[in-house]
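K.L.:
Per my numbering, residue 33 is the first one in the sequence shown, and the count goes up by one each step. Don't be surprised by glycine CBs; every beta carbon is placed ideally from N, CA and C. Keep in mind the model is a prediction, meaning the values are calculated, not measured.
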Amino acid sequence: MNLGAFSISLTVKDLQISKTFYEKLGFSVFAGTAEMNYYIMKNGQTNIGLFQGMFEKNIITFNPGWDQDANNIENFKDVRAIQQHLKKEDIELLSEVDESTKGPGSIMITDPDGNQILIDQHI
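(1) Would a C-beta distance cut-off of 8 Å place arginine 112 and glutamate 131 closer than the cut-off?
(2) Which word fits serine 39, buried or exposed, when buried means at least 16 other C-beta atoms lie within 10 angstroms of its C-beta?
(3) Which complete beta strand (DSSP E) runs does the segment 58-93 hold, if anything under 3 residues is left out?
(4) Using the beta-carbon count (16 or more within 10 Å), is leucine 82 buried or exposed?
(5) Taking aspartate 152 as the reference, which of Ser127, Asp145, Asp143, Gly146 has the closest Cα?
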């Protein structure tokens with residue numbers, strides 16, 4: 033099952049210090065601003081999100097409907113179909129998307145080691 037674009041969402045103590053650090057590793061800002069308390073940064077096809085004051089833990093993130101450059105793709109598995117699949121596989125959902133809706137929506141799960149996984153559809 034293709035879950036869409038992959039990134040890691042890091043909770044950071046100081047957004048500017050973290051941005052500068054990742055720039056030294058070759059990342060550049062792709063989206064977000066200091067005023068929004070986040071930056072999405074890219075290095076080739078690798079995406080990381082830096083978030084200050086938004087999450088308690090780091091989060092593994094997938095975006096159905098997007099490629100690694102946040103371009104919309106035509107054929108993708110909707111987050112609601114992914115949710116139905118996860119339920120059939122007896123994976124506990126921390127948050128669910130309303131299956132009677134269409135378009136953007138998200139679900140959250142936790143892996144066996146407590147790592148949070150966000151499946152966040154924007155289109």
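P.N.:
The relevant details are as follows:
(1) yes
(2) buried
(3) 60-65, 70-75, 78-83
(4) buried
(5) Ser127
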